[in-house]
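Participant: The opening position of the sequence shown corresponds to residue 0 in numbering that gives the first Met the number 0, with each subsequent residue numbered one higher.
The beta carbon of each residue, even a glycine, is placed where N, CA and C say it ideally should be.
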Amino acid sequence: MNKENALGEFLRARRELVRPEDVDLPVGGLRRVAGLRREEVATLAGVSNDYYVRLEQGRERHPSAQVVDALARALGLEDDAAAHLHQLARRAPGRRRPAARRERVSPNLLRMLDGWPRTPAVVLGRYLTVLACNDLGRALFDGHTYSGDLVRLVFLDPDARDFYPDWERVAVNTVGGLRAAAGIDVDDPQLIETVGELSVKSEAFRKLWARHDIRQKTHETKRFRHRLVGELTLTYEALTVNSAPGQQLIVYQAEPGSPSEQALSLLGSLTAPEAAGRAIPSEKDG
Numbered sequence: 000m001n002k003e004n005a006l007g008e009f010l011r012a013r014r015e016l017v018r019p020e021d022v023d024l025p026v027g028g029l030r031r032v033a034g035l036r037r038e039e040v041a042t043l044a045g046v047s048n049d050y051y052v053r054l055e056q057g058r059e060r061h062p063s064a065q066v067v068d069a070l071a072r073a074l075g076l077e078d079d080a081a082a083h084l085h086q087l088a089r090r091a092p093g094r095r096r097p098a099a100r101r102e103r104v105s106p107n108l109l110r111m112l113d114g115w116p117r118t119p120a121v122v123l124g125r126y127l128t129v130l131a132c133n134d135l136g137r138a139l140f141d142g143h144t145y146s147g148d149l150v151r152l153v154f155l156d157p158d159a160r161d162f163y164p165d166w167e168r169v170a171v172n173t174v175g176g177l178r179a180a181a182g183i184d185v186d187d188p189q190l191i192e193t194v195g196e197l198s199v200k201s202e203a204f205r206k207l208w209a210r211h212d213i214r215q216k217t218h219e220t221k222r223f224r225h226r227l228v229g230e231l232t233l234t235y236e237a238l239t240v241n242s243a244p245g246q247q248l249i250v251y252q253a254e255p256g257s258p259s260e261q262a263l264s265l266l267g268s269l270t271a272p273e274a275a276g277r278a279i280p281s282e283k284d285g
């Protein structure tokens, strides 16, 4: 991560993902770069090639909102990625970050989790670590090396591809969610440690991180293959915790009357009840 030229790094990564045919440009001829050329992005955005080159090289770091909108359209950015590009363009140089605070889940939220015995629910921290969960949420993710860290579970757990039948899609969305959670705070020590470890240990993560995809965790249907009850198809809603910025409450549900609902009920009966809302300790907590 190059925090000194985060804007240019993002533009370059996204440019390399756009194919000429995606923006009605001719494909013929020898192309020495992946995706679009710099001059093609400049033309599509209505800016001079020299100005766009300065943006990628970090010699110009604060384009106007109108230019950012034009670049987002030229690169085909979705809403989350376009909003991220605006953040990068407004980023103040030399910003001193506040001291990191330990993430804690409020007692009120823990009691709320306790009130949903038939609904798996987890509270995620800023970088997708599990801060707390109810009994069924714990049971859903139990039995893995990294049950308390959803990013490491996807990329480092030996049985991740079995647990997530649609692993490729989950991997893309997980990295996009991690980038969205990080925002422009790329010098956060916890983020640097997480990205560094995963980049060394997982080639798949390294390649996806380099794409600079931005995907807010909102709602989705996800399949699981659970070691106790078999396959589950669940939908989830991701709710922001306004009293604790950066935290998300993730609530999973099965279609009423479906085999997945029956499997969830079976899972609840097979797993011994524990203190609801207890945090899952990470590997680092010992």
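1. Taking 8 angstroms as the limit between beta carbons, can you name the residues of its chain near G182, skipping five residues before and five after?
2. If you draw a straight line from the alpha carbon of E15 to that of E39, how long is it in whole angstroms?
3. Any chance you could list the alpha helix (DSSP H) runs of at least 4 consecutive residues sitting entirely within the stretch 109-175, in chain order?
4. Which of the three DSSP states, helix, strand or coil, is assigned to F9?
5. Return the first residue and the last residue of the alpha helix (DSSP H) that L227 is part of.
6. Who are the near neighbours of H225 in its chain, counting only those whose CB is closer than 8 angstroms to its CB and skipping five residues on each side?
7. Keeping to the same chain, check which residues put their C-beta closer than 7 angstroms to that of S259; ignore five residues upstream and five downstream.
8. Out of A73, L54, P62 and Y50, which has the shortest C-alpha to C-alpha gap to D21?
9. In chain order, what residues of the same chain lie with their CB nearer than 7 angstroms to the CB of L227, ignoring the 5 residues before and after it?
10. Between the Cα of V174 and those of A69, P188 and E202, spot the shortest distance and give me the residue it belongs to.
11. In its own chain, which residues sit with a C-beta less than 8 angstroms from the C-beta of R11, not counting the 5 before and 5 after it?
12. Do you know offhand how far G114's Cα is from T239's?
13. Distance, Cα to Cα, S257 vs E102?
14. Let me know the alpha helix (DSSP H) ranges lying completely inside the stretch 19-52, each 4 residues or longer, listed in chain order.
15. Return the chain-ordered list of same chain residues with a C-beta closer than 7 angstroms to the C-beta of I279, the five sequence neighbours on each side being excluded.
16. So who's on the other strand from A237, going by DSSP bridges?
17. Can you round the beta-carbon distance between L248 and V122 to whole angstroms, since I take them to be within the 8 angstroms contact cut?
18. Have a look at Q246 and A64 and give me their C-alpha separation to the nearest angstrom.
19. How big is the Cα-Cα spacing for E3 and H211?
20. Quick test of your reading: N241 and R214, contact by CB under 8 angstroms. State the CB separation rounded to the nearest angstrom.
21. For G176, collect the residues of the same chain with a Cβ closer than 6 angstroms to its Cβ; drop the 5 residues on either side in sequence, then sort them by chain order.
22. Does the separation of the CB atoms of V67 and A81 fall below 9 angstroms?
23. How about R125 and A180: do their beta carbons lie closer than 9 angstroms?
24. In three-state terms, what does DSSP make of T270?
25. Is it buried or exposed for E167, if we count other Cβ within 10 angstroms and need 16 for buried?
26. Nearest-angstrom Cα distance between A275 and L35?
27. Give the DSSP-derived three-state secondary structure of H298 in the structure shown.
28. Might you give, ordered along the chain, the residues of its own chain that have their beta carbon closer than 6 angstroms to the beta carbon of A69, omitting 5 neighbours on each side?
29. Report the three-state DSSP secondary structure of E102 (helix, strand or coil).
Facilitator: On the basis of the coordinates in this document:
1. H83 and Q86
2. 12 angstroms
3. 134-140, 149-155 and 159-162
4. helix
5. No alpha helix (DSSP H) contains L227, which DSSP labels as neither H nor E.
6. L139, F162, L231, A262 and L266
7. L231, T232, L233 and A253
8. A73
9. L266 and L269
10. E202
11. E55
12. 19 angstroms
13. 36 angstroms
14. 37-44
15. Its pLDDT being 49, under 50, I279 is placed unreliably by the model, and the measurement read from it follows with that caveat. Here the set comprises V129, C132, R137, S146 and G147.
16. I249
17. 6 angstroms
18. 29 angstroms
19. 16 angstroms
20. Not a contact, Cβ separation roughly 21 angstroms.
21. R214 and K216
22. yes
23. yes
24. coil
25. exposed
26. With a pLDDT of only 40 at A275, under 50, the local geometry of the prediction cannot be trusted, and no value is derived from it.
27. Past the boundaries of the shown model lies residue 298; the chain is included only from 0 to 285, so the question cannot be answered.
28. A44 and G45
29. coil
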